[in-house]
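Notes follow once the structure below has been shown.
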Amino acid sequence: MSHADGRIALRVEDLRVHFHTERGPVRAVEGVGFELYAGERLGLVGESGSGKTTTAMALMRLIRTPGRIESGRVQLGDLELLSLSDEQMRQARFARISLIPQGVMNSLNPVMRVGAQIIDTIQAHQEGLTREQLQERVHELLGFVELDPSTAQMYPHELSGGMKQRVGMAISVALRPQVIIADEPTSALDVVVQKRVMDTLFRVQKDLDAAVILVGHDMGLMAQCVDRLGVMYAGRLVEIGPIQQLLEEPQHPYTRLLVSSLPSLERKGVFRGIPGITPSLLDPPPGCPFHPRCPEAIDGCSTQVPELLTVVAGSEKDDTRLQQLAACHLHTGVDA
Ligand SMILES: Nc1ncnc2c1ncn2[C@@H]1O[C@H](COP(=O)(O)OP(=O)(O)O)[C@@H](O)[C@H]1O
Ligand SMILES: [Mg+2]
Numbered sequence: 005m006s007h008a009d010g011r012i013a014l015r016v017e018d019l020r021v022h023f024h025t026e027r028g029p030v031r032a033v034e035g036v037g038f039e040l041y042a043g044e045r046l047g048l049v050g051e052s053g054s055g056k057t058t059t060a061m062a063l064m065r066l067i068r069t070p071g072r073i074e075s076g077r078v079q080l081g082d083l084e085l086l087s088l089s090d091e092q093m094r095q096a097r098f099a100r101i102s103l104i105p106q107g108v109m110n111s112l113n114p115v116m117r118v119g120a121q122i123i124d125t126i127q128a129h130q131e132g133l134t135r136e137q138l139q140e141r142v143h144e145l146l147g148f149v150e151l152d153p154s155t156a157q158m159y160p161h162e163l164s165g166g167m168k169q170r171v172g173m174a175i176s177v178a179l180r181p182q183v184i185i186a187d188e189p190t191s192a193l194d195v196v197v198q199k200r201v202m203d204t205l206f207r208v209q210k211d212l213d214a215a216v217i218l219v220g221h222d223m224g225l226m227a228q229c230v231d232r233l234g235v236m237y238a239g240r241l242v243e244i245g246p247i248q249q250l251l252e253e254p255q256h257p258y259t260r261l262l263v264s265s266l267p268s269l270e271r272k273g274v275f276r277g278i279p280g281i282t283p284s285l286l287d288p289p290p291g292c293p294f295h296p297r298c299p300e301a302i303d304g305c306s307t308q309v310p311e312l313l314t315v316v317a318g319s320e321k322d323d324t325r326l327q328q329l330a331a332c333h334l335h336t337g338v339d340a
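If you're matching positions, the sequence shown starts at 5 in this note's numbering and goes up one per residue.
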C-alpha cells in the first residue's frame, strides 16, 4: 500500500456531466465529489454505465459534444481545472494530471512507431529538445515502464496487449504528472499479465510520488490494491472510505451487495451483477437511484435523494482520510 500524507492532491466538488441526446439529457455524472490525497491510490468502482469513464474524462476536460460539464469544481493544487482556458488546460494535461484512457491499447496510432508516438506527447509540451535528447527520453520512459528500448522501433500491431498497455502508460507519465487516472488499465488482459502491469503502474506511481485514481469494475482487484474506494451507482458516488473498513463494514446496501459478490476478500473475483436492472440515466428514478433494486429500502427512499455524509468517523476524528461516507437514508433518516 502507498502512504498518503494527508495533503489533498485533487478535490472534486459537485461534478455533473450530461450528454444532450435527441431523447433528452443523459445524466452520466450527477453531483460527484471526493478528495484524492497526495500519494494515495483511490479506486472508483461501479457497474458498466455508472459514470466512471465520464468522471475520468471530465477531470481531464476531455468531454466532447453532446456531453457537457454542467457544474463542478476540480481543484488541483493551485489550479481550478474547470475554469482554465483551453490552452491552460492543454498545458496541465500530461504535466499535472494525466489519463491512461480506457482501451488505450486500441487508441495507439497503428501506422506510427511507438517511439514517435511518445515523442509527439513530449514535444507538445516541451520545445527545443534535440533529436538525441528526445531519443534518450523515449528510452528512459520505456525502461520506466519495463519495456526494452527496442520497443521504440516497433508498431503497435507488433506488441502484446500488456506491452501496448505499458506504452499507453509511458505516454501518460512522460511529463511526470502528480495525478494519474488509470481507466480499466488491465480489463482486457489475462490475470497474470494484469498483475504485472498493475505492479508496474504502482512502481511508476511511487517513483513519481504521484496519486492514482484507479477506475474499474473488478471489486477483487480493487480490494488488493487501493487505499480508499469510491463506489459509483447511476452517476453518483454512493459510498467512499478506506478499503479495509469498507470491505468489512460496507454502509450502503449497494456496496454490501458488491462486497458479498466477492468469493472471498483474499481471492480475486469479478463482480457478477446484482438482481434488477441498471436505471436509465435518461429518466432516472426519483429519490435514491438505487431504491428500485434495494433490499433495504424504506419510506422516503423513492422520493428524497440521500446526501453523501460521514457515517463512520474513523479513529482520529479530524483525519478525513479515515472517514467512511455513504449516501443512504438508512443512516440519516428521511424528512417527514
Ligand atoms: N457520447 C455519449 N453520448 C450519450 N451518452 C453517453 C455518451 N458517453 C457516455 N454516455 C452515457 O453515460 C453513462 C455513463 O457512461 P460511462 O461513463 O462510460 O460509464 P462507465 O465507465 O462506468 O461504464 C452511460 O449511460 C452512457 O451510456
Ligand atoms: Mg468506463
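From the three backbone atoms N, C-alpha and C, an ideal C-beta is built for every residue, glycine too.
Here's the rule: buried if 16 or more other CB atoms are within 10 angstroms of the residue's CB, otherwise exposed. What is residue 46? If you number the sequence shown from 1, residue 46 lands on position 42. That one is buried.
Neighbourhood of ligand 1 [Cβ distance below 5 angstroms to any heavy atom], ordered by chain position: 23, 30, 32, 52, 53, 54, 55, 56, 57, 58 and 285
Simplified DSSP state of residue 246, which is helix, strand or coil: Taking the first residue of the sequence shown as 1, we reach residue 246 at position 242. Strand, per DSSP.
Alpha carbon to alpha carbon, what distance is there between residue 120 and residue 155? Locating residue 155 in the sequence shown gives position 151, where the first residue counts as 1. Locating residue 120 in the sequence shown gives position 116, where the first residue counts as 1. Distance between the alpha carbons of residue 155 and residue 120: 11 angstroms.
Rounded to whole angstroms, what is the Cα-Cα separation between residue 342 and residue 52? What the structure shows of the chain is the stretch from 5 to 340, and residue 342 is not part of that stretch, so it cannot be assessed.
Host alpha helix (DSSP H) of residue 218 (start-end): Your numbering for residue 218 matches position 214 in the sequence shown. Run containing residue 218: none in the alpha helix (DSSP H); it sits in the beta strand (DSSP E), 215–220.
Quick check on DSSP: helix, strand or coil for residue 258? Stepping through the sequence shown from its first residue, residue 258 is reached at position 254. DSSP places residue 258 in helix when its eight states are reduced to three.
Helix, strand or coil for residue 29? Go by DSSP, reduced to three states. The sequence position of residue 29 within the sequence shown is 25, counting from 1. Strand, per DSSP.
With DSSP as the reference, please indicate the residues paired to residue 17 in a beta bridge. To locate residue 17, count along the sequence shown from 1; it is residue 13. The partner list for residue 17 (beta bridge, DSSP) reads 77.
Counting pairs of beta carbons, one from the stretch 95–113 and one from the stretch 173–185, are three or more of them closer than 8 angstroms? yes
Ligand 2 and residue 34: does the residue's C-beta get closer than 7 angstroms to at least one heavy atom of that ligand? The sequence position of residue 34 within the sequence shown is 30, counting from 1. Flag unset: Cβ of residue 34 not near ligand 2.
Which residues does DSSP list as the beta-bridge partners of residue 102? Here the question's residue 102 lines up with position 98 in the sequence shown. According to DSSP, residue 102 bridges with 184.
Classification of residue 328 by the beta-carbon crowding that lies within 10 angstroms, buried from 16 upward: Within the sequence shown, the letter at position 324 stands for residue 328. That one is buried.
Express the C-alpha separation of residue 282 and residue 289 in angstroms, rounding to a whole number. Translated into the one-based positions of the sequence shown, residue 289 becomes position 285. Translated into the one-based positions of the sequence shown, residue 282 becomes position 278. Those two C-alpha atoms are separated by around 10 angstroms.
Neighbour-count burial assignment, residue 299, 16 or more Cβ in a 10 Å radius: Against the sequence shown, residue 299 aligns to sequence position 295. Classification for residue 299: exposed.
Could you check whether the Cβ of residue 187 sits closer than 7 angstroms to any heavy atom belonging to ligand 2? The sequence position of residue 187 within the sequence shown is 183, counting from 1. Because some heavy atom of ligand 2 lies under 7 angstroms away, the Cβ of residue 187 counts as near it: yes.
From residue 79 to residue 12, what does the alpha carbon distance come to, in whole angstroms? Your numbering for residue 79 matches position 75 in the sequence shown. Your numbering for residue 12 matches position 8 in the sequence shown. Going by the C-alpha atoms only, they are around 9 angstroms apart.
Tell me whether residue 314 sits in a helix, a strand or coil according to DSSP, three-state version. Locating residue 314 in the sequence shown gives position 310, counting from the first residue. Strand.
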